[in-house]
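Numbering (the numbering used here), first residue to last: 59 to 931. Below you'll find the structure, written out as structure tokens, and then a few comments.
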Amino acid sequence: MQKSLEMLHDRLTSPIGHPALLLGAGFSLGAFNIDQQPLVLGKRLTQELYENILIPRIKEIPDYERDCENVDLTVRQGDLKKFCTWLREFGLENERDEYITRRLKVHGWREDVSFETLAAYPWRYIFTLNMDDLVEKIYEKIGKKLEVWNRDCQNYVENPKETILVKLHGDVNCTVPSGSYRYILDEKEYRNFTASDDRMLQKFGEVYVSNDLIILGTQFQENDLEIALISLLQNKCNNEKIQYFFVSPEISSRSLIREIDKNNNFHHIKMTNIEFLAYMNQLKIKAQSTKKLLLSNSFSDWNSELQDAADSEKTYELYNGADPCAGDFFHEIDIPRSMPQDERKKSFVSIQENFEKNLVEKKTVLVTIHGESFVGKSCLAMRLLTLSAANGYQSFYTKNIDLHIIDKVKEFLRSQTDNSKIAFCMENAALFYSIFDELFDEALGKSVVFITTALDSDHNTKQYTLQNIYDKRLDYYINERISDKEAWDTYTKLASHNRLGRLQSATNKPSSIRKNIRDIGDLIDVLWYAHEGRRFSSYFEGWYKHKRQEEQIEVFEILTYYASLGCEFSISDLPMIALAVNRKNFDYKKFEISFSDFWTSKSKRPRLRYVRLFRDIVVKTIPVSQRIEWLRFLIVFLAKRIKEREQSRNSLMFESVTKIKNISMQKKITNEDILQLFSNVESECQHLSYYWIQRCIIYSKCEKFEDAANSIANAASARKYRTYQIIHAEAKNDMARGIWCIKHDPNHADEFFFRGRDQVVSLIEERNKYRSALTFSVHTYVNMAMKYYNEKKIEPDINEWNQLLEAVSLSVYHLSAKDKIFLKLIEDFVKFAEQNGKRDLAAPFLRELGKKPRIPMDESDYDIDSLPDVEIK
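This is how it looks when you write it as structure tokens:
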């Protein structure tokens, strides 16, 4: 035990990611309720429920004699879960819940138990299987803030400055009605809770595989551990780098004892609850500088890594698909990337040169690198970070980012003197774009470079939040296609390292090799060809044919399909996802070994390597009906984990996979398929306004305008107020219906069109309430109006012309830059005006747009869903 105790002391006192805490049965011993009754363990609570709930009502239970012996045996055994199952059988779950709510509300605790010590430690997460409010009372007594997650939460918010208390089994202060799964006590409640896989349970799974964990309680029964540990252990999702400490004088669970004996990272700390609190009271956490705190929270010191690389041997694993590292950039292994020099994309310039030029000109800059998976985003980001280091910047890199990490970045920036030069590279950062306004404030007086990467779909969804720092941003979109300049640079780089390999098997002539590189067209495929002598697809098809006999191939296939939709998951999610392919005995270790060629688990979210190159090969083998079913499973899986107005990685994935535009792009999935899909997930998604807005869109596409209008009403109900998106969708649905009526129901065409038209014009006129949406409103109004009048073959009256001209004028002169979608609208509007003899009124708008800079925005970006929502009254 001494070695385990030393390990515990080291983990508790080190600032490098404090352990999380799981409170099991018995932590609350020593506390009492308002009636001065002490809080008790499950066995005593079973007896109390028997005496206070069942005994007074026995005469009201039909045929109780039939079960009385089994009930009495359960009481003598003190099996709380089984006894609560009997209470449900007898219809007494409401009475049970009411009793527990009164019984477990904490009023105070004995003086000899120093519960206050718990709140003195900087826990980031406390998970509890207990239903009482002892932890809340402890934090309240010492005046320390606590963020409580329970079933009342509309949003599961993570404030990096506050401890999060996650109440897995229920909460006496929760407003969920008695009998409505307020507590997790009986067999049905356990079963439903584990099946629901809600956000709180998911958070525990994430923490379990990424944080040291202390499990504190005076007894560890199977029921307590069933949802928290056993499911993860049986799927071999144990993270061997993480330490788990079970604090208890004795452990009665034989299976847990076996796990502790079997796993070197499982430790039994033989202490009582009181002894552990006294032990915690003596701890002194080591102080660290803000830089060390930064490095202890996922960041690496890139300057130091580059220095270490100077003494390391040059390797070329990057060309073989390995994750990039500092040595690749110190030894100039990476291949330079280029960007179009102008709108015509006829000539290209080095991104490296463009970045260095702006590094000199701009004090603080945000670099957004976005594109599909495996196109070189990380390599480009690390190259720019290396350039920053070479220019005297303190440089830091992280693959993972969350609010806690952002908070450490702010602390570090505050600690730096004016004129300091600092560079941060943060991967997968789109969800946190809105934070960069705050980071720029912290960077005042300093030269700071923020380099981010993001999938293109995530970037497009969140880039609206960067409007305030538009002029302080460098945007680099990269894809797999090789330009002529990149073909030249690729040849030069590979040749300088003698790594052309099989690219020179047919010819040694440089121009021919460069042409071959250009013809292959995909940078990753070029590197694969140089190594293997054939295209990636040729290799993968053989590999896949062989692997289709593997035991867990279906898990690989469904993860490939989900990856093609832009979704990644933590290790703890995989057993649940495996259920979608009926793989109940998923073995993560076996899976990791079997698919190691294309699977990497170096970060918190493991991922498939090369997925962009092989996803089509895999997905085309999956029948449409199977893809739709897997999509249904994914939508439900995500919907159960998020709440309305939540901003999280899960909500971002949910929006991406339910967006009608994205689903429609999948081959052979029809609008009728989408309608059925949305109908099948209604019960799980009905609490989310985004789901209803997307359902409105597909109804409208299928010309089911009444159903679309009903979906809008449901969206407003889920949101609790009418957002811009809801009003916009309602207006557009009415306008579309009016255009449809011209041919199908002419008598009502004007009624619906002008009702929608008036709504969208009202949004334009009240633009100060929501300036970000002006362009969207104008686009909808002008585009739909042109369709309407062209379909009716009539000219707008003078009032409509004036309204159209005013709307276009507002938007054109409001824009700081043009995009091709809005430019196309104005071009169409000028043609429309010309057809109606009004070209002179519209032509000046086109000339005005011509003066504005162009931004890279296409139809995938031009999406009302990407705007933030605010209430429109």
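Note that beta-carbon positions come from the ideal geometry of N, C-alpha and C, so glycine has one too.
Residue of the options minimising C-alpha distance to residue i
{"i": "Asp256", "options": "Glu247, Ser313, Arg168 and Ala697", "result": "Ala697"}
{"i": "Arg690", "options": "Thr330, Ile527, Tyr619 and Leu226", "result": "Tyr619"}
{"i": "Gly88", "options": "Phe173, Ile675 and Pro568", "result": "Phe173"}
{"i": "Asp190", "options": "Ser869, Leu99 and Ala553", "result": "Leu99"}
{"i": "Trp601", "options": "Ile629, Leu561 and Ser652", "result": "Ser652"}
{"i": "Lys261", "options": "Lys889, Ile158 and Arg182", "result": "Arg182"}
{"i": "Lys851", "options": "Asn860, Leu863 and Asn894", "result": "Asn894"}
{"i": "Tyr779", "options": "Thr838, Asp369, Glu702 and Asp674", "result": "Glu702"}
{"i": "Phe90", "options": "Arg102, Pro114, Glu151 and Arg161", "result": "Arg161"}
{"i": "Lys420", "options": "Asp529, Ile463 and Ser775", "result": "Asp529"}
{"i": "Tyr239", "options": "Asn458, Glu704 and Glu153", "result": "Glu153"}
{"i": "Phe763", "options": "Glu298, Ala776, Cys799 and Arg777", "result": "Cys799"}
{"i": "Glu742", "options": "Lys642, Phe712 and Tyr646", "result": "Phe712"}
{"i": "Tyr757", "options": "His745, Ala787, Gln783 and Asn574", "result": "Ala787"}
{"i": "Leu424", "options": "Arg905, Met258, Ser492 and Arg813", "result": "Ser492"}
{"i": "Lys933", "options": "Thr523, Tyr748, Leu204 and Tyr455", "result": "The question about residue 933 has no answer here: the residues shown for the chain are numbered 59 through 931."}
For residue i, the residue or residues it bridges with in DSSP
{"i": "Asn91", "result": "Val164"}
{"i": "Trp207", "result": "Val224"}
{"i": "Tyr534", "result": "Ile427"}
{"i": "Thr186", "result": "Leu81 and Lys225"}
{"i": "His325", "result": "Phe303"}
{"i": "Ile509", "result": "Val425 and Cys483"}
Through-space distance from residue j to residue i, alpha-carbon basis
{"i": "Thr475", "j": "Lys415", "result": "24 Å"}
{"i": "Ser358", "j": "Ser505", "result": "20 Å"}
{"i": "Phe460", "j": "Phe490", "result": "It is worth fixing the name first, because residue 460 is Asp in this sequence and not Phe. Taking the straight line joining both Cα atoms gives about 8 Å."}
{"i": "Glu245", "j": "Cys232", "result": "21 Å"}
{"i": "Pro96", "j": "Val133", "result": "20 Å"}
{"i": "Asn566", "j": "Thr548", "result": "15 Å"}
{"i": "Asn449", "j": "Leu443", "result": "10 Å"}
{"i": "Asn128", "j": "Ile158", "result": "23 Å"}
{"i": "Lys195", "j": "Val206", "result": "12 Å"}
{"i": "Leu79", "j": "Leu223", "result": "9 Å"}
{"i": "Ser408", "j": "Arg316", "result": "59 Å"}
{"i": "Phe887", "j": "Ile879", "result": "12 Å"}
{"i": "Ala939", "j": "Asn477", "result": "As displayed, the chain neither begins before 59 nor continues past 931, which places residue 939 out of reach and without an answer."}
{"i": "Lys603", "j": "Asp674", "result": "14 Å"}
{"i": "His325", "j": "Ile309", "result": "12 Å"}
{"i": "His67", "j": "Met338", "result": "9 Å"}
{"i": "Ser62", "j": "Ala336", "result": "18 Å"}
{"i": "Ile930", "j": "Tyr266", "result": "Note on Ile930: pLDDT 42, under 50, position unreliable in the model; no value is reported."}
{"i": "Leu899", "j": "Ala891", "result": "8 Å"}
{"i": "Val507", "j": "Ala501", "result": "9 Å"}
{"i": "His462", "j": "Leu351", "result": "11 Å"}
Beta-carbon spacing of residue i, residue j below 7 Å
{"i": "His389", "j": "Tyr535", "result": "no"}
{"i": "Gly559", "j": "His589", "result": "yes"}
{"i": "Phe811", "j": "Val866", "result": "no"}
{"i": "Ala789", "j": "Gly796", "result": "no"}
{"i": "Phe541", "j": "Ser396", "result": "Here residue 541 is Ser; the residue named in the question, Phe, does not match the sequence. A contact, by the Cβ cut-off of 7 Å."}
{"i": "Gly84", "j": "Gly275", "result": "yes"}
{"i": "His165", "j": "Ile92", "result": "yes"}
{"i": "Asp499", "j": "Asn526", "result": "no"}
{"i": "Thr104", "j": "Leu138", "result": "yes"}
{"i": "Thr426", "j": "Asp533", "result": "yes"}
Buried versus exposed, by CB contacts within 10 Å (16 or more), residue i
{"i": "Gly149", "result": "exposed"}
{"i": "Cys483", "result": "buried"}
{"i": "Ser820", "result": "exposed"}
{"i": "Asn208", "result": "buried"}
{"i": "Gly385", "result": "buried"}
{"i": "Met723", "result": "exposed"}
{"i": "Pro664", "result": "buried"}
{"i": "Asp708", "result": "Here residue 708 is Asn; the residue named in the question, Asp, does not match the sequence. Under this definition Asn708 is a buried residue."}
{"i": "Ala481", "result": "buried"}
{"i": "Leu341", "result": "exposed"}
{"i": "His517", "result": "buried"}
{"i": "Arg934", "result": "This structure cannot settle anything about residue 934, because the visible part of the chain is limited to 59 through 931."}
{"i": "Tyr597", "result": "buried"}
{"i": "Glu280", "result": "Any reading at Glu280 must be qualified, since the residue scores a pLDDT of 46, below 50, and its modelled position is unreliable; the value itself is stated next. The residue in question, Glu280, is exposed, as its Cβ has fewer than 16 Cβ neighbours within 10 Å."}
is_contact[residue i, chain B] using C-beta, thresh 7 Å
{"i": "Ile459", "result": "Protein chain content of the structure displayed is limited to a single chain, and chain B is not contained in it."}
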